[in-house]
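First up is the structure itself, then whatever we jot down about it.
Number of protein chains: 4
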Amino acid sequence: MVHDEELIRKDSVYCSYGDTVHYAEPPKIFRGCEGSFLYDSSETPYLDLQMWYSAASFGYRNPRLSEALKKQIDTLPQLACQYLHEEKVLLAEKICLANTERFREKGRIQFNVGGAQAIEDALKLVRNCKGKNLMFAFMGSYHGRTLGASAITSSYRYRRRYGHFSDRAQFVPYPYCFRCYYGKKQPDCDLYCVSQFEKLFETEYHSVIDTKAKESEYAAFFVEPIQATGGYVVPPRSYFKRLKKALDNWGILLVDDEIQMGIYRTGKLWAIENFGVNPDIIAFGKALTNGLNPLSGIWAKEDLINPTVFPPGSTHSTFSSNPLGTSLALEVMAMLEEKDYERKVLESGDYFLALLKDLQRKHREIGDVDGLGLALRVEICGSDGFTPNRELADKMFLEGLKGTLDYKGSKCGLILDIGGYYKNVFTLAPSLHIARGEMEMAVELLDQLISKCKKA
Amino acid sequence: MVHDEELIRKDSVYCSYGDTVHYAEPPKIFRGCEGSFLYDSSETPYLDLQMWYSAASFGYRNPRLSEALKKQIDTLPQLACQYLHEEKVLLAEKICLANTERFREKGRIQFNVGGAQAIEDALKLVRNCKGKNLMFAFMGSYHGRTLGASAITSSYRYRRRYGHFSDRAQFVPYPYCFRCYYGKKQPDCDLYCVSQFEKLFETEYHSVIDTKAKESEYAAFFVEPIQATGGYVVPPRSYFKRLKKALDNWGILLVDDEIQMGIYRTGKLWAIENFGVNPDIIAFGKALTNGLNPLSGIWAKEDLINPTVFPPGSTHSTFSSNPLGTSLALEVMAMLEEKDYERKVLESGDYFLALLKDLQRKHREIGDVDGLGLALRVEICGSDGFTPNRELADKMFLEGLKGTLDYKGSKCGLILDIGGYYKNVFTLAPSLHIARGEMEMAVELLDQLISKCKKA
Amino acid sequence: MVHDEELIRKDSVYCSYGDTVHYAEPPKIFRGCEGSFLYDSSETPYLDLQMWYSAASFGYRNPRLSEALKKQIDTLPQLACQYLHEEKVLLAEKICLANTERFREKGRIQFNVGGAQAIEDALKLVRNCKGKNLMFAFMGSYHGRTLGASAITSSYRYRRRYGHFSDRAQFVPYPYCFRCYYGKKQPDCDLYCVSQFEKLFETEYHSVIDTKAKESEYAAFFVEPIQATGGYVVPPRSYFKRLKKALDNWGILLVDDEIQMGIYRTGKLWAIENFGVNPDIIAFGKALTNGLNPLSGIWAKEDLINPTVFPPGSTHSTFSSNPLGTSLALEVMAMLEEKDYERKVLESGDYFLALLKDLQRKHREIGDVDGLGLALRVEICGSDGFTPNRELADKMFLEGLKGTLDYKGSKCGLILDIGGYYKNVFTLAPSLHIARGEMEMAVELLDQLISKCKKA
Amino acid sequence: MVHDEELIRKDSVYCSYGDTVHYAEPPKIFRGCEGSFLYDSSETPYLDLQMWYSAASFGYRNPRLSEALKKQIDTLPQLACQYLHEEKVLLAEKICLANTERFREKGRIQFNVGGAQAIEDALKLVRNCKGKNLMFAFMGSYHGRTLGASAITSSYRYRRRYGHFSDRAQFVPYPYCFRCYYGKKQPDCDLYCVSQFEKLFETEYHSVIDTKAKESEYAAFFVEPIQATGGYVVPPRSYFKRLKKALDNWGILLVDDEIQMGIYRTGKLWAIENFGVNPDIIAFGKALTNGLNPLSGIWAKEDLINPTVFPPGSTHSTFSSNPLGTSLALEVMAMLEEKDYERKVLESGDYFLALLKDLQRKHREIGDVDGLGLALRVEICGSDGFTPNRELADKMFLEGLKGTLDYKGSKCGLILDIGGYYKNVFTLAPSLHIARGEMEMAVELLDQLISKCKKA
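Just so you know, the sequences run in chain order A, B, C and D.
Each residue of the first sequence is one higher than the last, beginning at 1 in the working numbering.
Each residue of the second sequence is one higher than the last, beginning at 1 in the working numbering.
Each residue of the third sequence is one higher than the last, beginning at 1 in the working numbering.
Each residue of the fourth sequence is one higher than the last, beginning at 1 in the working numbering.
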């Protein structure tokens with residue numbers, strides 16, 4: 001084992017910093033993991049409330065999945081994707097059947113690696129079907145970091161260094177009701193934000209339609225049902241239904257990015273199920289393999305993806321349906337069928353949310369606490385409970401990472417992740433298997449952190 | 001085990017055809033693999049001369065790598081890339097040191113998943129550094145299938161369905177001397193193809209420079225040192241040196257795509273080493289993990305990638321330096337240090353090439369045989385030894401896939417892959433560990449195939 | 001003289017319909033003009049309330065300008081723009097001095113032909129200065145029909161046939177208070193529309209800024225101070241001041257399109273003067289030559305256009321400062337200096353507006369009447385005074401064009417032009433020399449038209 | 001009259017330098033013109049061999065055209081283009097009939113102002129018809145300076161300041177045989193340059209076609225039959241026929257830019273007539289009004305421009321078919337019908353070319369002399385007769401502009417224009433009415449200039 005100091009020195013010499021966020025300086029090194037915990041070189045446990053941005057939803061080193069992976073290593077770990085293997089096909093079938101049950105729609109699966117490439121495949125389907133390059137997306141959205149995905153990701157910071165983006169999306173305010181873009185208040189607002197979107201289509205002079213040709217300049221709307229990087233923001237339950245109606249009027253497709261929120265993070269296979277609308281395309285990834293393989297993919301309605309409109313060779317990648325990834329995902333799907341994850345996640349989510357609300361009552365600096373299933377948010381503010389307080393959030397994050405907290409007499413750390421428009425939101429994505437005791441521990445540690453940091 | 005027929009039926013219902021090439025109809029199903037062989041459901045062995053487009057260069061189910069992977073599964077299989085783990089750093093160090101030795105240049109590594117995303121990262125570095133979106137690339141090039149990578153991949157077929165590409169590259173004839181674009185013959189040509197490229201920079205009216213500002217409209221030239229999908233074409237040894245000089249005159253970066261040809265496929269860590277030039281950026285992937293993880297990455301010169309010009313957060317992806325991938329790659333790098341792969345690959349390559357040349361003498365339909373290391377090409381032509389004969393190549397490919405060949409009394413198959421501008425080239429990328437007997441078997445089976453198919 | 005019917009037949013065979021609007025079918029043919037009147041082949045006079053979209057502001061066949069043009073024809077009617085002629089230089093001086101007086105800014109003039117090309121030159125200055133291609137523009141905006149100008153013109157109808165526009169602007173709601181985009185009412189709204197624009201810059205997640213780099217993705221805001229094609233909409237007097245402040249915070253340039261509203265149409269040399277802000281670039285054209293030559297141009301602040309940043313050869317066109325055009329414009333500028341057009345236009349405008357308000361009181365179908373100087377609007381609605389009534393507006397337009405109205409016993413016609421987001425607004429741009437009697441005639445004819453048409 | 005010095009001072013303060021070329025420093029001022037001559041403030045005559053880049057082909061202050069213009073000023077000088085006037089329709093008819101006679105094709109005319117806008121209209125027709133943005137154009141081409149036209153103009157200098165051009169053309173070597181791009185010699189080359197172009201379509205890997213879909217990524221080829229700014233280069237007579245065949249195979253349109261070379265400059269109405277091919281679209285301008293109005297336009301085949309595919313409102317501009325311009329053009333067309341310009345121009349061209357060839361024999365520095373009709377080129381080289389000699393050309397240009405030459409005892413000047421890829425070519429476009437004596441004077445003055453300047 002190379003010492004931490006030595007690794008950090010080597011990192012500073014040999015590694016690009018561009019592919020990380022370097023929130024902590026120097027970056028924290030971990031050596032092991034299990035369940036809800038990471039371990040550093042001194043074997044201190046860190047309770048992780050952000051399981052690799054929801055990629056490791058079923059707990060670190062989940063034994064069943066380790067076993068499945070090892071089994072595949074010993075049978076067919078490698079195969080070019082121009083040939084078929086059983087796991088790929090069975091996995092596609094399972095996801096399709098799950099979607100038919102949910103949306104009463106036939107569709108097909110296309111695999112790839114990494115969420116951004118699933119988004120690229122969705123873009124390709126849309127461009128192929130609609131013959132147009134322009135998309136709607138949300139302010140606060142994050143869809144990945146390829147050039148194509150960056151174009152529909154809201155933050156200009158992700159584009160600024162890379163010259164002109166010819167396909168930049170038009171970004172629409174997200175229903176972030178705690179800080180409504182229009183200054184409205186729920187439920188009096190009557191979804192004013194959707195009305196404003198609908199207004200775009202009222203006359204061609206509002207810039208997006210050709211009234212004569214009855215055509216929109218925009219081909220699809222890419223949405224995260226719960227905004228992830230944007231701060232785990234939960235929209236009003238009726239929001240997407242009205243949005244979808246506006247889209248349907250103009251033949252604009254709904255692309256549902258479930259990369260972070262899918263696979264029961266919100267208590268449903270797909271987060272969009274919470275909102276009662278049927279997407280045209282679903283992009284998924286991350287937790288599908290519990291982080292053991294970058295397998296990602298899209299499901300699309302049959303008329304967008306059948307071999308006549310999207311024939312062989314339309315797009316592919318070497319590792320698209322790699323056997324290790326598909327066998328892992330197949331095991332995950334089996335787990336989901338065997339156990340009532342919906343009930344389990346909602347129960348845990350309710351319990352955790354209640355504890356967090358209690359905590360909020362103790363600290364005015366917690367401006368907002370909300371959540372759906374085990375996607376939870378804690379927004380850190382000034383003492384007015386509203387002004388974004390990035391400094392305090394940063395301090396808490398760094399303090400938790402030190403591994404010097406105390407829980408029932410033992411040294412430990414807390415892994416948080418900061419998101420949100422003002423970088424002041426703890427976006428909590430604990431293990432879907434998190435125990436009650438771990439949730440209590442989490443809130444106790446959060447309490448310690450905020451108490452300590454707001455004093456400083 | 002689900003029967004082949006059933007799998008094929010399910011595939012036709014639930015799977016997109018867009019992510020595969022579907023050369024064989026129905027697609028072939030495999031159930032196992034080992035060394036140089038794939039196995040179908042009847043346990044028939046198929047000698048694989050195209051190890052997953054060179055992703056599984058070290059043989060299927062390589063025991064040492066299986067072990068390394070399993071070990072990592074049991075320690076730290078998952079970790080968000082904002083935290084460090086030992087294998088990532090040590091792997092970056094190893095690659096950087098190898099490059100310093102080769103090119104006398106300091107540089108850094110940035111990881112990602114999938115070759116196309118490594119290319120996207122290279123595009124980002126170039127655009128950041130030069131402030132321009134336009135690139136040169138070769139006719140016959142293949143750099144991946146994200147929207148960004150498709151823009152610099154020569155075939156319009158990869159773009160046609162997807163609307164306007166605002167960053168389309170300018171494509172330059174590749175030194176495919178068997179079918180010279182300019183109708184010249186080696187070595188009399190004196191690299192006329194490079195002269196033609198140089199001419200672009202003679203006056204601003206040739207469309208790529210501003211003479212007054214001494215500036216090129218193009219930021220970088222993306223090259224495959226040996227064209228892969230283009231048909232394993234080996235350029236003249238002096239080619240890249242003269243090309244590089246032209247690029248240096250105008251500050252145009254050289255980006256070296258080693259995704260398929262790197263990691264000793266041509267007898268060198270990087271194929272570009274065969275040509276005596278130093279690239280500015282190297283993109284790699286595939287064989288780095290022997291196909292067990294989609295880990296990819298780029299190495300770039302320090303001045304393009306240091307944290308001042310390319311700071312934290314410039315780009316990233318969830319799985320970019322995932323622990324399973326980096327631990328595998330670290331083991332691969334260790335293997336490369338321990339054994340003299342250069343000697344081994346060149347010896348095997350020479351032996352295989354000699355056998356293929358013998359075969360060529362038997363069949364006029366083999367128009368060209370060439371290779372560098374274990375990247376070999378067999379170009380199938382008409383009886384004039386020149387006219388591309390796609391039909392014959394297709395027949396041989398499909399016949400090999402039937403698994404009905406006979407080798408020393410046993411039933412077997414042969415896995416080939418077709419590439420080339422006219423889809424008439426067998427691009428051979430056998431296991432770097434291929435045994436002499438397997439090469440003999442390969443040539444014997446090729447002989448059977450061509451003899452049988454040209455009769456039909 | 002070729003008969004009307006014959007001309008219409010030839011037109012239908014030999015002329016593209018693409019370059020006209022063909023509101024009237026068959027198109028109306030005119031044979032002569034003078035002052036405020038056009039004449040058809042039967043010599044019927046048509047009172048023109050839309051003097052060639054404000055190009056012939058000083059009256060048809062203005063004798064002084066005819067004389068100036070003829071004089072130049074006899075001296076130096078032709079000269080390549082690489083050589084200088086007196087009129088060009090003196091004209092540039094006059095406009096610059098006028099602007100220094102108004103804005104206390106040094107600047108320079110660049111000429112071109114046609115308003116769209118002036119807009120293209122403004123785009124070039126902006127792109128050169130800011131290194132960015134993205135612009136803001138208004139919903140309802142019209143800046144011309146070159147590909148570059150169409151990209152920043154709101155209506156998708158102007159782009160739909162022409163494939164992907166890589167530089168499409170982001171369109172912001174215009175302060176069209178009679179139909180507020182946000183449903184607010186003046187003056188209670190406190191310019192909510194500007195607040196919404198300001199909000200874009202609050203966090204990078206609102207999609208237009210990079211907070212860290214303190215940079216906006218957008219280079220300039222192109223505005224029409226009074227929206228022309230959009231329906232002669234007059235914004236609140238304080239609007240542009242607050243908008244400009246938001247732009248200044250982020251270094252976004254203000255480009256003022258005065259092509260239709262400049263040259264005293266609103267009682268000021270530039271319409272923007274009514275709003276107390278200083279633009280960075282002004283584009284002008286149309287009335288500058290009273291429609292006798294397509295001369296157009298831009299004025300820009302010295303730091304955007306001086307020869308160091310915008311050197312010789314940056315852009316040009318054959319006819320850019322053609323002698324006939326510049327001599328005409330010089331004469332127009334002389335006229336403007338000799339007579340108090342500000343007082344004259346405001347007086348006439350007030351008188352006309354008062355008459356129109358009287359008319360509004362007679363007809364509920366006139367939903368809105370407004371104006372600034374002699375840029376006036378009459379919005380035709382349903383009997384609720386609000387629902388846009390395109391049918392009625394169309395009928396009135398066509399009826400006026402028949403030349404069968406009666407004024408004091410004589411047959412005559414009325415030339416109107418329809419604009420507005422719902423194509424229900426008469427945008428009135430009468431001759432700046434219109435007599436009181438002509439205004440009375442206009443309102444009388446409008447009364448006849450609306451009375452007759454709403455009955456039908 | 002303001003003194004020259006004062007004008008130059010004012011120019012340096014109030015005028016953008018961006019819209020001129022400023023070859024001479026300070027710029028030359030002219031005060032009058034007539035026939036083939038310009039006059040400066042001291043009334044010195046300058047023989048003009050470059051009549052405003054061929055805009056004033058019929059001589060300065062041509063009395064017949066002055067008369068026609070004045071007549072229109074007194075009848076209908078202004079009219080919005082949504083209404084018809086006789087001259088527009090009759091002019092369109094005349095051009096269409098002329099084209100039907102020449103190409104046996106029905107078509108229609110669309111007017112605009114300025115050549116660049118005619119090119120923009122051609123781009124719009126092409127994009128509308130083919131649904132694609134990419135074009136071929138020639139190295140050395142010049143099609144105008146709007147953003148759209150700059151994208152298909154070869155020199156990067158015209159784009160460099162203005163950021164990313166998403167629609168940049170692919171530029172193909174022009175048959176500039178004196179300096180063949182491929183180093184070939186006529187006529188042995190067998191049009192190798194066209195063969196190279198044809199090769200692009202041989203396989204999809206050459207980057208421009210999709211073989212499966214039988215579709216080209218490029219929609220049209222924009223050509224100047226004689227390259228203008230590129231140096232008045234005359235291609236081999238069989239060139240365009242073979243090029244057109246390659247285009248027809250792939251449905252690529254031929255757009256013929258006649259803005260500088262049309263209207264009998266080469267002895268034909270359209271220069272393309274010299275090459276025996278039928279274009280799909282013709283763009284024209286300049287000499288159509290003899291420089292008295294920026295009227296320009298396109299003719300297109302009926303199936304590209306009929307009102308069904310290109311309906312009313314597809315594009316337009318205020319001054320598109322302005323009455324002064326159309327009446328002038330109608331008079332020009334009448335002149336062309338009345339007199340045998342073909343014979344006249346070819347006779348004068350032959351005479352002038354012979355005199356220039358004599359001059360070439362006297363001066364080794366004249367590397368090439370060539371021409372078609374009265375489009376003539378004199379390429380200035382080093383003493384080897386080949387190395388481009390920009391310095392000598394510049395000196396001659398400036399010396400001619402001084403007005404200090406002597407012709408038969410009188411002081412005079414010579415107006416030249418420099419073009420060509422190396423800025424060493426005098427591109428001669430004298431008045432089509434130039435007298436023999438004037439041609440003799442021209443050659444005598446050229447002799448003086450070269451003799452004097454090569455000594456210095």
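All C-beta atoms in this analysis are idealised placements derived from N, C-alpha and C, irrespective of residue type, glycine included.
Out of the options, state which residue places its alpha-carbon closest to the alpha-carbon of residue i.
{"i": "C/G460", "options": "C/L254, C/N274, C/I252 and C/L253", "result": "Any property of residue 460 of chain C remains undetermined from this structure, which presents chain C solely from 1 to 456."}
{"i": "C/K28", "options": "D/F197, D/G144, D/Q82 and D/E379", "result": "D/Q82"}
{"i": "A/D447", "options": "A/K339, A/K411, A/L405 and A/E302", "result": "A/L405"}
{"i": "D/A435", "options": "D/D11, D/S36 and D/R31", "result": "D/S36"}
{"i": "C/M335", "options": "C/L38, C/R64 and C/W52", "result": "C/R64"}
{"i": "D/Y351", "options": "D/T318, D/M441 and D/I226", "result": "D/M441"}
Quick one: residues in its chain with C-beta nearer than 7 Å to the C-beta of residue i, no 5 flanking neighbours on either side, listed in chain order?
{"i": "D/A24", "result": "L398 and L401"}
{"i": "A/I61", "result": "Rather than Ile, the amino acid found at residue 61 of chain A in this sequence is Arg. Cβ neighbours of A/R61 beyond the five flanking positions: C33 and E34."}
{"i": "C/L7", "result": "I29"}
{"i": "D/K268", "result": "N274 and E342"}
{"i": "A/L359", "result": "I366, V443, L446 and D447"}
Given a cut-off of 8 Å, decide if residue j and residue i are closer than it, judged by their beta-carbon atoms.
{"i": "B/S166", "j": "A/R108", "result": "no"}
{"i": "C/P294", "j": "C/V113", "result": "yes"}
{"i": "A/L328", "j": "A/L79", "result": "no"}
{"i": "A/R377", "j": "A/G371", "result": "yes"}
Quick one: residues in its chain with C-beta nearer than 6 Å to the C-beta of residue i, no 5 flanking neighbours on either side, listed in chain order?
{"i": "B/L524", "result": "Since the displayed chain B opens at 1 and closes at 456, residue 524 of chain B lies outside it and no answer follows."}
{"i": "A/H433", "result": "G59"}
{"i": "C/P173", "result": "M139, Y181 and C193"}
Taking Cβ positions only, does residue i come closer than 8 Å to chain D?
{"i": "C/A80", "result": "yes"}
For chain A, check one thing: does any of its Cβ atoms lie closer than 8 Å to the Cβ of residue i?
{"i": "C/E87", "result": "no"}
| task | Could I get the ranges of all uninterrupted alpha helix (DSSP H) runs contained in the region 220 to 285 of chain C, with 4 residues as the minimum, in chain order? | result | If one requires a minimum length of 4 residues, the alpha helix (DSSP H) runs lying completely within the region 220 to 285 of chain C are 239 to 249, in chain order.
| message | For a minimum of 3 consecutive residues, which ranges assigned as the beta strand (DSSP E) are wholly contained in the region 145 to 181 of chain C? | response | Restricted to the region 145 to 181 of chain C, the beta strand (DSSP E) segments that are unbroken, complete and at least 3 residues in length are 170 to 172, listed in chain order.
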